[in-house]
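Following the numbering used here, the residues of the sequence shown are numbered contiguously, the last one being 535.
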Amino acid sequence: MILRLVLGDQLNPQHSWFREVRTDVVYALFECVEELRYAPHHRQKMLAFLHGMQQFASELRSKGHQVEHWTLDDPRQKGSLRANLEALRNELAKTASSVRLEYQEPDEYRVDQDLLGLGTRVPSEHFLTERGAVASHFAGKKTYLMESFYRAMRVRHRVLLDQADQPEGGSWNFDSDNRSAWDPKQAVPTEWRAHHDLRELDARLDRHRIPRWGDALADDFPWPAHRREALELLEHFVAHGLTKFGRFQDALAENHDFLFHSRLSFALNTKMLHPREVIDAVESAWRRDPQTYPLPAVEGFIRQILGWREYVRGIYWAKMPEYANLNYFNHQRPLPQWMYTGKTQMRCLQVAIGQSLRTAYAHHIQRLMVVGNFALLAGFDPRELDAWYLGIYIDAIEWVEMPNTRGMSQFADGGIVGTKPYVSSGAYIHKQGNHCGSCAYSVTEKVGPNACPFNALYWHFYARNRDLLERNPRVGMVYRTWDKMNPDHREALLEYADLNLNNINLL
Ligand SMILES: Cc1cc2nc3c(=O)[nH]c(=O)nc-3n(C[C@H](O)[C@H](O)[C@H](O)COP(=O)(O)OP(=O)(O)OC[C@H]3O[C@@H](n4cnc5c(N)ncnc54)[C@H](O)[C@@H]3O)c2cc1C
Numbered sequence: 029m030i031l032r033l034v035l036g037d038q039l040n041p042q043h044s045w046f047r048e049v050r051t052d053v054v055y056a057l058f059e060c061v062e063e064l065r066y067a068p069h070h071r072q073k074m075l076a077f078l079h080g081m082q083q084f085a086s087e088l089r090s091k092g093h094q095v096e097h098w099t100l101d102d103p104r105q106k107g108s109l110r111a112n113l114e115a116l117r118n119e120l121a122k123t124a125s126s127v128r129l130e131y132q133e134p135d136e137y138r139v140d141q142d143l144l145g146l147g148t149r150v151p152s153e154h155f156l157t158e159r160g161a162v163a164s165h166f167a168g169k170k171t172y173l174m175e176s177f178y179r180a181m182r183v184r185h186r187v188l189l190d191q192a193d194q195p196e197g198g199s200w201n202f203d204s205d206n207r208s209a210w211d212p213k214q215a216v217p218t219e220w221r222a223h224h225d226l227r228e229l230d231a232r233l234d235r236h237r238i239p240r241w242g243d244a245l246a247d248d249f250p251w252p253a254h255r256r257e258a259l260e261l262l263e264h265f266v267a268h269g270l271t272k273f274g275r276f277q278d279a280l281a282e283n284h285d286f287l288f289h290s291r292l293s294f295a296l297n298t299k300m301l302h303p304r305e306v307i308d309a310v311e312s313a314w315r316r317d318p319q320t321y322p323l324p325a326v327e328g329f330i331r332q333i334l335g336w337r338e339y340v341r342g343i344y345w346a347k348m349p350e351y352a353n354l355n356y357f358n359h360q361r362p363l364p365q366w367m368y369t370g371k372t373q374m375r376c377l378q379v380a381i382g383q384s385l386r387t388a389y390a391h392h393i394q395r396l397m398v399v400g401n402f403a404l405l406a407g408f409d410p411r412e413l414d415a416w417y418l419g420i421y422i423d424a425i426e427w428v429e430m431p432n433t434r435g436m437s438q439f440a441d442g443g444i445v446g447t448k449p450y451v452s453s454g455a456y457i458h459k460q461g462n463h464c465g466s467c468a469y470s471v472t473e474k475v476g477p478n479a480c481p482f483n484a485l486y487w488h489f490y491a492r493n494r495d496l497l498e499r500n501p502r503v504g505m506v507y508r509t510w511d512k513m514n515p516d517h518r519e520a521l522l523e524y525a526d527l528n529l530n531n532i533n534l535l
């Protein structure tokens, strides 16, 4: 008898495991209290994963596979993945002469360690690179430049290349054509939504006293629950979002949760979709109709998946477990209460956190340049911040959340992922969107009770971390500007920033 474990982020019906129906194979999916409690998770995130597992178990059964899906209510529950596996293995051993465990390569270090030695590990058949690919690509280098990895990926996977194996359009990167500020006159695509009744699942979580965080689910469920819906979402994005994806990739907008972003991360991270099919759908849209689908949008989108997504996974496996403890700036500040409620007077943070609580989603620039930016300026403890990001977002799994949070957003790795910290004053947020117009603070004021807190905190961050950043060639200019400032103004900025930090819960 073979017992095959399917984890909650392995909902890929195309995996070669499922090609034939075998009487000697049992598939196991477990809901585990331990997994739901090890960090606070947004209720909608839990529902999305558990509902996806439930749908996957039903789909396997309908195709004739033997499936054990232990819900939290199952009387055989032992609470943890390992204990459940042992219990099921013992149960099967009562009727089989031997029971062999097989599992797909887990993406999380913690789970990987937990399963080590318990059975045979097989590839998950999902990623476009092996776990160690980034480590070998950058062997001997201190900085891991994503762009060089991405170009190698374009060549290796023959994506957006012309007949002469050169990049289509004559450039590897069209970022300079992307990233416009928000234009409030733009119409955004209608949202793709699915309809699933998750009330019973929600009640099950309550019955097992799983803590609630985040808003309750509205009537319908805006995330794909299985591959068919994930393909619908992909099609919807190509038809309605892709054309303006690049242009408004970095925009920040009042009243629009998703803008032109794809919302495909949950479907990708649960493996309902393969990254190659997403890349192919986008590339072939452009080849079919380059007038409708501009190359900068297509290239910009593909770079996120072929480049960033594979790259951060490689960083994770190259640097774990040490990565989880990196804290370059030794930041220790606990997260203020408003990070959990969204009740702050800073409009950009109010919108980004409020939306995250309401939908378990924020787009990249909200995560990086609003929440992450403030967290770094204020010196939030990266461990607490990691837990926050891991808990709140629908797509958050440690392999992708952690290098983005500690690396890209917090520079806690000292510059492995990023060449300089992603920080800005309020001016950047003002330029990219329309939050500042309805903020309690004034983005043009630098000090004083009405001044946007980002402004003084920006200088405070650089001043307090001078020893660590001054020699960075991409940062030097900041210190030259600081040194030229009137000393009284410098003093006022630092004082105002300190005042804000001392009253952070009231901002
Ligand atoms: C602090 C921080 C934490 C993040 N945590 C997560 C996380 O837990 N899970 C997660 O999937 N992404 C994370 N990201 C990356 C990115 O913000 C999300 O992938 C994206 O917002 C998901 O929305 P979307 O599907 O609409 O993406 P789109 O903007 O439509 O992008 C398309 C796809 O590209 C991929 N992608 C884009 N940027 C990245 C990136 N930096 N790293 C990896 N993949 C990327 C995603 O698969 C995404 O679905 C994080 C970014 C930051 C700055």
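By construction, the Cβ of each residue, glycine as well, lies at the ideal position given by its N, Cα and C atoms.
Treat the numbers as computed from the prediction; the structure is a model and nothing was measured.
Residue i classed as buried or exposed, judged by whether at least 16 other C-beta atoms fall within 10 angstroms
i, result
"asparagine 283", "exposed"
"alanine 76", "buried"
"glutamate 498", "exposed"
"arginine 237", "exposed"
"proline 134", "buried"
"aspartate 230", "buried"
"glutamine 83", "buried"
"histidine 79", "buried"
"methionine 181", "buried"
"alanine 484", "buried"
"arginine 117", "buried"
"asparagine 528", "buried"
"proline 239", "exposed"
"alanine 253", "buried"
"glutamate 158", "exposed"
"lysine 512", "exposed"
"leucine 261", "buried"
"lysine 448", "exposed"
Coil, strand or helix - residue i by DSSP
i, result
"serine 470", "strand"
"threonine 148", "strand"
"glutamine 42", "coil"
"glutamine 94", "strand"
"phenylalanine 408", "strand"
"valine 183", "helix"
"tyrosine 55", "strand"
"leucine 496", "helix"
"proline 431", "helix"
"glycine 446", "coil"
"phenylalanine 273", "helix"
"phenylalanine 357", "coil"
"isoleucine 333", "helix"
"arginine 32", "strand"
"leucine 173", "coil"
"leucine 522", "helix"
"alanine 231", "helix"
"arginine 375", "helix"
"glutamate 153", "coil"
Supposed close pair residue i, residue j - CB separation, criterion 8 Å
i, j, result
"alanine 56", "leucine 31", "6 Å"
"leucine 413", "leucine 334", "28 Å between Cβ atoms; not a contact."
"valine 187", "isoleucine 343", "Not a contact, Cβ separation roughly 21 Å."
"isoleucine 444", "tyrosine 172", "6 Å"
"leucine 535", "proline 481", "6 Å"
"alanine 209", "alanine 258", "Going by Cβ atoms, the distance from alanine 209 to alanine 258 rounds to 31 Å, so no, they are not a contact pair."
"proline 217", "histidine 268", "4 Å"
Residue of the options minimising C-alpha distance to residue i
i, options, result
"histidine 43", "Leu173, Arg255, Ala76 and Leu129", "Arg255"
"phenylalanine 276", "His391, His302, Trp251 and Pro501", "His391"
"serine 548", "Val127, Phe46 and Ala121", "Because the chain spans 29 through 535 in this model, residue 548 falls outside it and cannot be assessed."
"glutamine 360", "Leu109, Pro410, Thr387 and Thr472", "Pro410"
"histidine 289", "His302, Met300, Lys299 and His264", "His264"
"cysteine 110", "Gly147, Gly197 and Met29", "In the sequence on display, residue 110 carries arginine and not cysteine. Among Gly147, Gly197 and Met29, the Cα nearest to that of arginine 110 is on Gly147."
"alanine 246", "Leu323, Gln72 and Lys213", "Gln72"
"glutamate 519", "Asn531, Asn530, Arg494 and Trp487", "Trp487"
"threonine 372", "Val399, Thr387, Ile393 and Tyr356", "Val399"
"tryptophan 427", "Glu327, Met348, Thr387 and Thr369", "Met348"
Cβ-Cβ distance between residue i and residue j below 8 Å
i, j, result
"tyrosine 351", "tyrosine 389", "no"
"valine 475", "tyrosine 524", "yes"
"leucine 354", "phenylalanine 489", "no"
"glutamine 460", "alanine 279", "yes"
"valine 98", "glutamate 130", "The sequence shown places tryptophan at residue 98, rather than the valine named in the question. The answer is no: Cβ separation not under 8 Å."
"tryptophan 416", "glycine 160", "no"
"leucine 156", "proline 41", "no"
"serine 108", "glutamate 136", "no"
is_contact[residue i, chain C] using C-beta, thresh 8 Å
i, result
"leucine 88", "In the structure shown, chain C cannot be found, because there is only a single protein chain."
Any non-hydrogen atom of ligand 2 within 7 Å of residue i CB
i, result
"glutamate 523", "This structure lacks ligand 2; its bound ligands are ligand 1."
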